[in-house]
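Student:
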Amino acid sequence: MPPWAVALQDSIMSKFDALEAHMNLFRAEVTAVYNHQLSEATLSAFQYVIYFVELYLIHSAECAMIRVINGRATYGEHPLEPMPTPPVPPQVDIPAPGVAITSPPSGIPPPGPPPPGFPSTVREARELSYDELGALLTAFGLSSDGDAAERATRFALFVGYPA
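Okay, here's the thing in structure tokens:
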């Protein structure tokens with residue numbers, strides 16, 4: 014990875030560390046303030062919300078860093094950094110009202126692999142068919158509406174290379 018990308022990654026990771034510290038403080042405050050006022054089930058639900066927000070923020074920041082790297086891809090054979098799919102959060106069984114749910118899992122699941130057919134170069138990305146673009150957009154949870162040009166622009170903006 015080029016030095017500027019390493020520096021960017023270090024900067025983003027330090028922001029993650031600060032964010033994690035804030036999330037832990039928030040968790041402690043929610044527990045302290047509401048411990049006696051809310052049921053155990055409600056507190057567990059709060060913990061799950063915080064956990065899923067953490068998942069979203071970490072994945073979003075990782076994708077933002079990849080977009081910066083791919084933004085430098087200007088010629089046809091320039092390689093694209095693969096964009097991972099969002100991590101799959103664990104399934105949560107919602108119990109009956111008044112029954113406490115278990116606390117959320119510790120640790121963050123890894124992001125998923127890039128979807129099948131993810132282009133390895135700018136040229137490959139610009140040559141994707143209407144159906145291939147639709148499948149990639151759907152894999153990332155994006156709308157696949159529109160004609161081929163609209164899909165291509167949406168995909169380019171999401172991945173970060175110049176459309």
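The letter at position 37 of the sequence shown is residue 50 when you use the working numbering, and the numbering goes up by one with no holes.
Think of the CB as a built atom: it goes at the ideal place given N, C-alpha and C, for glycine as much as any other residue.
Excluding five sequence neighbours on each side, which residues of the same chain lie with their C-beta closer than 8 Å to the C-beta of residue 156?
Tutor: Cβ within range, chain order: 150, 167.
Student: Under 8 Å: do the segment 76 to 92 and the segment 133 to 144 share three or more Cβ pairs, one atom per stretch?
Tutor: Short answer: they touch.
Student: With burial defined as no fewer than 16 other Cβ atoms inside 10 Å of the residue's Cβ, what is the status of residue 165: buried or exposed?
Tutor: By the neighbour-count rule (16 or more Cβ atoms within 10 Å), residue 165 is buried.
Student: When you compare each of 34, 128, 176 to residue 153 by their alpha carbons, which one comes out closest?
Tutor: When only C-alpha atoms are compared, the closest one is 128.
Student: Closest by CA to residue 40, which one among 169, 163, 66, 82?
Tutor: Selected option, being the one with the closest Cα: 66.
Student: Which residues does DSSP pair with residue 125 in a beta bridge?
Tutor: DSSP lists 98 as partners of residue 125.
Student: Spatial neighbours of residue 98 within its chain, please: CB distance less than 8 Å, with the 5 preceding and 5 following residues excluded, ordered by chain position.
Tutor: Here the set comprises 124, 125, 126, 127, 128, 152, 153.
Student: Could you pull out every residue in the same chain whose Cβ sits closer than 8 Å to the Cβ of residue 160, ignoring the five residues on either side in sequence?
Tutor: Here the set comprises 143.
Student: Are residue 78 and residue 172 close, meaning C-beta to C-beta below 8 Å?
Tutor: Cβ distance not < 8 Å, so residue 78 and residue 172 don't count as in contact.
Student: Under 8 Å between the Cβ atoms of residue 29 and residue 74?
Tutor: Their beta carbons are under 8 Å apart, which means residue 29 touches residue 74 by this criterion.
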